[in-house]
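Chains as they are written, first to last, in the working numbering: chain A, 166 to 544; chain B, 7 to 410; chain C, 721 to 1466.
We put the CB at the ideal spot given by N, CA and C, even for glycine.
The next block holds one structure in the form of C-alpha cells; read it before the comments.
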Amino acid sequence: MEVDTQFVKDVMGFGGKTLKKCYQCATCSVICPQSPEENPFPRKEMIWAQWGLKDKLLKDGDIWLCHQCNDCSEYCPRGAKPGEVLSALRAKVIQEYAFPSFLAKILLKPAGILVYFAIPIILTLAYLAVFNPEIPSGEIVIGNFIPHLHIELVGFLVGGWALLVAAIGAFRFWTAINSEVSKVYEYKLEENAEVKVTKASPRFIECLFWSIIDVLKHSRFAECGTSKYRFFAHFMIFWGFIVLGVATFGDIVYLYGLGVEELALPITDPVKILGNLGAALLLVGSGWAIVARFSDERIGYGTYFDWIFLSTIFAIGITGVAIEALRYVGSIAAYYAYLIHLILIFTLIAYAPYSKFAHLVYRTLAYTWAKSTGREPSK
Amino acid sequence: MAGEILVIGGGIAGLTAAIEAAETGYDVILVEKNPYLGGRVSQLNKYFPKLCPPFCGLEILFKRMKSTPKLKYFTNAEVLEVTGEEGNLRVKVKIKPRYVNENCTACGACKEVCPVEAPDDFNFGLKTKKAIDIPSIMAMPFQYYIDDRYCDKCGECVSACKYNAIDLNEEEKIIDLNVASIVVATGWKPYDATKLDNLGYGKFKNVITNMEMERLASLNGPTGGTIQTMDGKPIETIAFVQCAGSRDENHLPYCSAICCLASMKQATYVREQYPDAKIYIFYIDIRAFGRYEDFFAKVKADENIEFIKGKVAKVEEVDGKLVVTAEDTLTGVKNKREVDMVVLATGMQPAIEPIPGIELDEYGFVKPKPGIIPAGVAAMPMEVASANESATGAALKAIQVARR
Amino acid sequence: MEKVGVYICSGCDIDKLDIDKLKNVAKEEFGIEAKVHPHLCSKEGVELINNDLSELDAVVIAACSPRVKTAVFTFDGKYVERANLREGVVWSHDIDVHAQELAEDYLRIAITKAQKAEKPEPHLEEVSKDILVVGGGVTGLTAALEIAKAGYKAYLVEKEPELGGWAAKFYKTLPITPPYTQIEEPVVSKLIEEVKNNENIEVYTSATIDAISGQPGMFDVTINQNGNAVNFRVGGIVVATGWKPYDASKLEEFGYGKFADVITNVELEEMAREGKIVRKSDGGEAKNVVFIQCAGQRDENHLPYCSSVCCLVSLKQAKYVRELTGGNAFVIYKDMRTPGLWEDFYKEMQQDEGIFLTKGEIKDIKEENGRLVVEVTDTLLGEDVEIKADLIVLATGMVSTLKGLYTVKEEFPDEKTVPYKHIYEPRLIKSDEDVEVLKQAGHILNLQYRQGPELPTLKYGFPDSNYICFPYESRRLGIYAAGAVRAPMGIASCIEDAKGAALKAIQAVELVAEGKTTFPRTGDIDFPNFFLQRCTQCKRCTEECPFGALDEDEKGTPMPNPLRCRRCGICFGACPERIVSFKTYSIDQMASAVKSIYVPDPNWEEGAEDKFRFIVFACENDALPALDMAALNGIKYSPLVRVIPVRCLGSVNTVFIADALSKGIDGILLIGCKFGEDYQCHFIRGSELANRRMENVAETLERLMLEPERVQVIEVSITDWDKIPEIIDKFVNQIIEIGANPYKGF
C-alpha cells in the first residue's frame, strides 16, 4: 500500500483542509441520513483521505451519495468537517476522471481562471473579427445581432464536446466503482442485534430509471437535516435548468417547426413564461445558495470549485434577465449583455465535465450503483 | 492571620491538600461551598480499579482532620474575591447560613417533623429530601442543614429540636482572610448531558449519566443500591456511551481521562447485580493508562461485556426500547443495539465559577500563578489517585510560600 | 490511670436506658461517681467535664460513637475513652433489658480501658530534617529543588557522571505546561542549572548508595562516589531512580535483533539528537518510518501494563521524522491514549499531512526485496494493509528501576513460607546464596532493614501505593518513591509527582521530630514497648510488621525503631509472649476490657438464649464506621454482641480470644478489611494476618474440644453497613445452635 501525500494536499487544497483532524470516532457515519449499514460513509473516506489512498477513493461511489447537508460536520467532535472533505473529494474525482486531464488540472484550480475565461473570450473575439456583426439599431432584436443558427451550431458543437468528455469520465467512473465486488445486504433487527441477509441484485436499467426519478424528485437530498435550505436551493436550480431546457426546446420548435422568424416573444407567450420561470428559479436558487454561504458558518468554506460554478449560474441568470429587461427598455446594452451571457453559457457547458456541473452525471451513476448494490440509507 | 494557607474546595483533592499541609505543621483554612465535605467522590459508589468505596478513604481523611487542630474549615462558604500578592493574599469569603449550629447531635428529630419535600441534589434529583436534612450518611460535619431554597421557615423543626441547634434567623456572613498562598481545588461538575441532543438525555428517561449511575448503585442512593430502569425494571441489556461530550469541540474538547475506566467499573456493578446482563461499551479509544490496564484486561475478559469501537451518535426509542447506533470501525458495519438503559459517560467540566483574582484558561481550568496553586481537577481532568498526587504537590507549593 | 471521670449523656434517646443503673455500674464496680448531662456535647456539658479536668487523668464519655463530636470531647493531655451508647446501643437495638446490659458492658469496657491506659510519652530524638533524593533525572532534580525551595537541605545522589537522566538524552520533550500542543526543547538543562546553583542542594554524581541505616529523622547514609565513601545523616528520602526501557531483545515478534532497521523509541531519540533519522542498515535517510505502539506492552508475555506515555512519545517522534527527513510517519496503535488535556497534543500532531495514524494489530514484519514490510490487521482502513518501511520504531515500555532487584524478603519467599496474598508473583528462592546472587543484580537504597534492602513493590516492580486515596502511602516511613520508578509516567507527571513525594518526605521529618507517626493514625505519639526479657526470639513481630519497623540482633531479638512505626499494633497482635504493648493500647488493657464484660451464669435450660455473650473485634477504620451507619439507618442486630474497636485486626492478640473463651464468651467475630490483591486493610496485611492467626486458633480450639466456628474472621468494606448486622446475627444464631461455651463459669 502506498500513501500519497500529494493527494492529501490536493484534497486539502480543494476545500478539505480539515481532513487531518478526524480521529475516526464514526459519529459522521451514524449521523449521515444517506449512509448505508454496511461500510457506511463518510468515516472510511476520511481515513482514506488522511492516508492519501487515491485508488480507493477513486473507486468509491459513496462520496457521490453525499449531498453535503453537513449533518456530519455539525456533529463532528473534531471539526474535521467530513461534508467539506467529501465535497473536495468529489472535485478531485472529477478532475481525475475528466479528459483530457491537463485541461481538468488547469480548469479546476483558481490559477486556471484566466484560461477559463480566455478560451470563450478569444473565441468570441475571433467570431466578432470574422463575422463582424454590427450592433443593429432600432428595436432590440437579438437575432439581428448574431444569427440564431450560429448560436445553435456552436451550441451543438460545444454540447457535443461536453457530452463526449462527460461520457469518458462517466465510463471511467462506472468501471471504477464497479471494480469492487459488492453484495446486496439487508439488515433486520432480531433479538437485540441485527442480522444480515443477502439479497439478489436488481437490473441496471431498473436502477438507472429509479435513480433518475430520485434525481428529479431529489428524494435522497430531502433526507438531509442540518442545511435544509440546500435542498430547496438545489431543487430550484435543478428545476430552473430543466425549465430553461424545455423553453430552449420551445424556442427551437418555434424557429424550425413553426417558422417563427424572431424570438422576441411577448411576455405572455407560453415559452417566454417558461423561460422567465426557469430564470427566476435559477436566480432565486443560486442567489439563496450564495447568501446562505455567507451567512451560515456551518455550511463551510466556499471553495473555488463551488464558487465558480455557483457564480456562473447566478451570472447567467442575471445576464439573461438583463438582456430581457434591456430589450424591453430598448437599450442597445442588451447586445453586450448578450455577449457576456453567451460567454458564461459557454463556460457552463464546455467546462461541465470539469466543473461541479459534472456531479449530475457522477451522482446519477452513483445512485444507480447504490441501487444495484443495495447501498440504501439505513433506517 | 498571615502565613496561613487557604484551600478552596473540600473534595478529595482539597481535603488532601489541606490535611497534608496541616500535618506538615502549617495553619490551614479550608472553605467548601456545599454544606458537607467530601465533594464529588462522596457521590461515588466505588473507585476503579479496586472497586473499593470512597467512604473508606474519606473516613480516614476526616479522622485525620479531627486529629489535626491546625486545620479549620468552613462549609457553605464561597470565595468572592482574591486580591494582593503571593505571601499576602486577601480573600473575601461569604458564609451562607446553615441555620443549624454545632449543638446539633444529628438525632434527626427535625427531619421527622419537616413538612417540605425537596429535590435532592446529592442524588441528582433522583430522590427527594427534606428541607432540613443531613447531606449524606457519611456527611462531615455530621450535622443537619436547612436548604433555604425550599424551607418555608414554618418553625416545626425549631420546636422539635431539643438541643437548641436551629436558628432560622441566621444570616449570611462575610469574612476576610489574609493568607500566604491558596490551593484551588474546586473540582468538577458533570457536563450537562441535555446539550447532547443526539443522545436522548432528557428525552428518554432511561438515558442516564454516569454520575446518576453511581447514585443508583450506591447503597445510600435513591434505590438503596439496586440498579434498575426508571420504571423499576431489572437490567437485561445496557449500553455505555463513551466520550459523551468529551473529546468533542462542540462540547468539551479535552478528554476527561476517567470515563473509560468509570464505565468499565460501572459495567462491573451491573454484572454483580445481574449476572446474565449483556453490557455494551461503545468507545473511541480505551484509555486505561498505566496499571489501569489490568482492570481493562479483567473487564474485557468478561464475555458478557462487549467493547465496540465506534462512538454512539444516535439514541432512539423504538417500540419502548432504546436503540443505540454506532459504526463498528473495525468491521465497518453500523451496530444497532436494543437496550434497557443507556449510560452516557459524560465528562468533567471545571466547577469553578469565575472569581476575581483567579485566572482560568480557555476550558475553565485554573491557571497557576505565584501563590495560587491549582490542585486536582481544578487544574486538569484526572482520576482520584492523580488528584491526590496533585493535591500533595500543591500542598508543598503552598508551604513554600507560607514558610517565608 | 488512676483518676477516671465518667460522664454519661442522656440525650439522643440514651435516656431510654436506665441511666441510674449505668451510674450504679460506675459506682459499685469501679467506685466512680458518674455525672449525667442531657446534652453532654453542648457548651454546658463540656463545661461540666472541664470543671473536673484538673482532678482527672482520663475521661470516659458514655454518649455517642467516637467518630462524632471528636473535637468536642478532646481534652488536652487527658486520655479519652468513649462508650458508644448512642449508635452502639439505643440506635441499633430495641430498648429492653438486653440493651441495658449491653450499655452497662460498654461502660465497663470503657472504664476498664481508661483505668488500664497509661500516659503516653513521645519518642523524641535529635532528628535531621535534611532530605536525600536518589536519582538525578527530571523527577529527582525537581524534588531536590522543591525541597530546597521549602527551606530544607537536599542531598542529590546520581549514579551517572552527569545529571539529567533520560530527559537529557532526548532530542526534544513533550510539553510540560499548557497549552499541551507544542514539542519543547528539553527542560532538563535549566533544571540542572538551578540545582547546581542552589546552595541548599548538595549534589553527588557518579555516586551510589552503599548503605542506609537508621530510621526516619535519622537515616545514616553512606554513599560511594568514585570509590570514596561519603557519610551524612538525613531525615527523609525521595526515591526517584526512574525507569529502564524494556529489553527489546525479547521482542522477536517485532523483528528486533533480526532486522537492523527495527529500533526502539529510545534509540530513535538518540538518532534524532544526532540530527538525522536514518536506516541503521545502510545509513540512508529513513523516508518511511513506522511506529508500532504497545510493542511488548499491554501484553501478558511482556509488560501487561500500559506505559502511559508512549502514544504521546510516538506522536512526538513522528513529528521528528517530518521535521528531519520530510518523510512519512505511520503510527499503528491499539488505542490512542492521550488522556486529559493531552488530547490537544494528539490533535495538533494529527494535523501533519505526513503523519498517518490507524489502530491496528501487527501481523508480521518481514523483508521483501530488501525493504521492511509491516503487515497490519484490524485497521480502520477497512482492510489489512502492508506498509513499506525504512525504519520501524518500537514503542517499548517503561520498567521500574526496582524491577528485578532484591527488594524485601516477603517478595522472595522460600518454599516453606506462605507468601502474603497481596504479593504479586512471589519469586521463590531456594537458599541464602540465591539471595546473595539476587543482591548482586544491583541495589538502590541498600536499606539496613531486617526485612530487606529496598522499598517493597506493589506490582510489576513498581513501589506504588495500593491506596487510591493515598498515593504516597509508603511501607517505609520517611521514604517516598516518585516518578517513573513508582509508576509509568511522562515528564510532566514526573514533575508533579516529585513535588508530592517531596512534601511527604518533609512531612515525615516534621512528624518524627515530634515523635509522631503518619496517617492513618497521624499524630499518634504512643509507640510499642518491648519487654525484651521475656522475648523468645520467635521473630513473628519482626517478620510481620508491614512497615519494616523492627530489626533484629544476631539472636533474633527485636530491635525496635519507633520512628519507623505506624502504630498499627500488628507486632502487639503477633507476640505469643504478650511482651509488646503501647501505653494506651496494651495487652493488659485489652484483655481486662474483654474480662470486664459481664457474662451471666451458665444456664443450660432450653430457650435461655439471652444468656449467650459474643464479642466483635471491629476494625476502627472500616467495620466500626459501617456499624455506626447501620445504626443511623436503623438496622438492628443482636444485643448479645459487644463490639470492641481495634486499630487493625492485625492487632488482635490470640490471648484476647483465649481470655474471652475462658471467661465464657460464646463466640468471637473479627470484622476487618478486605485482604489479598486489592487489599483495603489500611495496614497492608493486618486482616490477612488476623485470618492466619485465627486459623491457628481454630486448631487449638479443636484440641480443646471447642467448635472452631466460635472464632471467625469476616472481611467487609465500609459501605457494607447493610450486611454487617446480618453477618453478626447469622453468626450469633449459628453459635446459639451449637450451644453455650462449656467453659462458662470455670
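- Chain-ordered, the chain B residues with CB closer than 8 Å to the CB of K209(A) read G338.
- In this structure the region 755 to 765 of chain C does not touch the region 68 to 86 of chain B; the number of beta carbon pairs closer than 8 Å is below three.
- The C-alpha of A171(B) is placed about 13 Å away from the C-alpha of P103(B).
- With fewer than 16 neighbouring CB atoms inside 10 Å of its own CB, P362(B) falls in the exposed class.
- Rounded to the nearest whole angstrom, the CA to CA distance from I1456(C) to F1332(C) is 7 Å.
- A direct Cα-Cα distance of roughly 40 Å separates K1356(C) from V13(B).
- Under the 8 Å criterion on CB atoms, T192(B) is classed as non-interfacial with respect to chain C.
- An exposed status is given to S1001(C), since fewer than 16 other beta-carbon atoms sit within 10 Å of its beta-carbon.
- For T1078(C), the closest Cβ of chain A is nearer than 8 Å.
- If you check the CB distance, P518(A) and G320(A) do not come in under 8 Å.
- DSSP places F264(A) in the coil class of the three-state scheme, outside both helix and strand.
- Considering only I259(A), L273(A), H313(A), the residue with the shortest C-alpha distance to Y419(A) is H313(A).
- With contact defined as three or more Cβ pairs closer than 8 Å, the region 928 to 947 of chain C and the region 826 to 834 of chain C are not in contact.
- At a cut-off of 8 Å between beta-carbon atoms, D1064(C) makes contact with chain B.
- For chain A, the residues of the region 1091 to 1120 of chain C that bring a beta carbon within less than 7 Å of one of its beta carbons are L1100, L1101, G1102, V1105, E1106, I1107, in chain order.
- Annotation for L1032(C): L894, T1058, W1062, F1065, G1210 place their beta carbon closer than 7 Å to its own, counting only its chain and skipping 5 residues before and after.
- Among the residues facing chain B, N1341(C) is included, as its CB has a counterpart in that chain under 8 Å away.
- Counting other Cβ atoms within 10 Å of its Cβ, F414(A) stays below 16 and is therefore classed as exposed.
- For V37(B), the number of other beta carbons within 10 angstroms of its own is at least 16, and it is reported as buried.
- DSSP places G956(C) within a strand segment (E or B) once states are collapsed to three.
- In this structure, A319(B) places its C-beta atom within 8 Å of the C-beta atom of I196(A).
- Here F288(B) is buried, its C-beta having at least 16 other C-beta atoms within 10 Å.
- For the set T1127(C), M1118(C), D1273(C), the Cα lying nearest the Cα of V1205(C) is the one of M1118(C).
- Bridge pairing for W472(A): absent [DSSP].
- If one requires a minimum length of 4 residues, the alpha helix (DSSP H) runs lying completely within the region 826 to 892 of chain C are 858 to 869, 885 to 889, in chain order.
- Assignment of P1280(C) by DSSP, reduced to helix, strand and coil, places it in the strand class.
- Counting along the chain, the unbroken alpha helix (DSSP H) around T1262(C) starts and ends at 1260 to 1264.
- Sequence-distant partners of L883(C) (beyond 5 residues in either direction) whose C-beta falls short of 6 Å from its own C-beta, in its chain, are G856, I912.
- DSSP places A1049(C) in the uninterrupted beta strand (DSSP E) bounded by 1048 to 1053.
- Contact of T170(A) with chain C is assigned, a C-beta pair being separated by under 8 Å.
- Taking CB atoms only, I228(A) has no neighbour in chain C less than 8 Å away.
- Boundaries of the alpha helix (DSSP H) around S194(A): 192 to 196.
- Of the other Cβ atoms in all chains shown, 16 or more fall within 10 Å of the Cβ of M217(B); this residue is therefore buried.
- The C-beta distance from R255(A) to T335(B) rounds to 23 Å, too long to meet the 8 Å contact threshold.
- Here P435(A) carries a helix assignment [DSSP, helix/strand/coil].
- At a cut-off of 8 Å, the C-beta of E1073(C) has a neighbouring C-beta in chain A.
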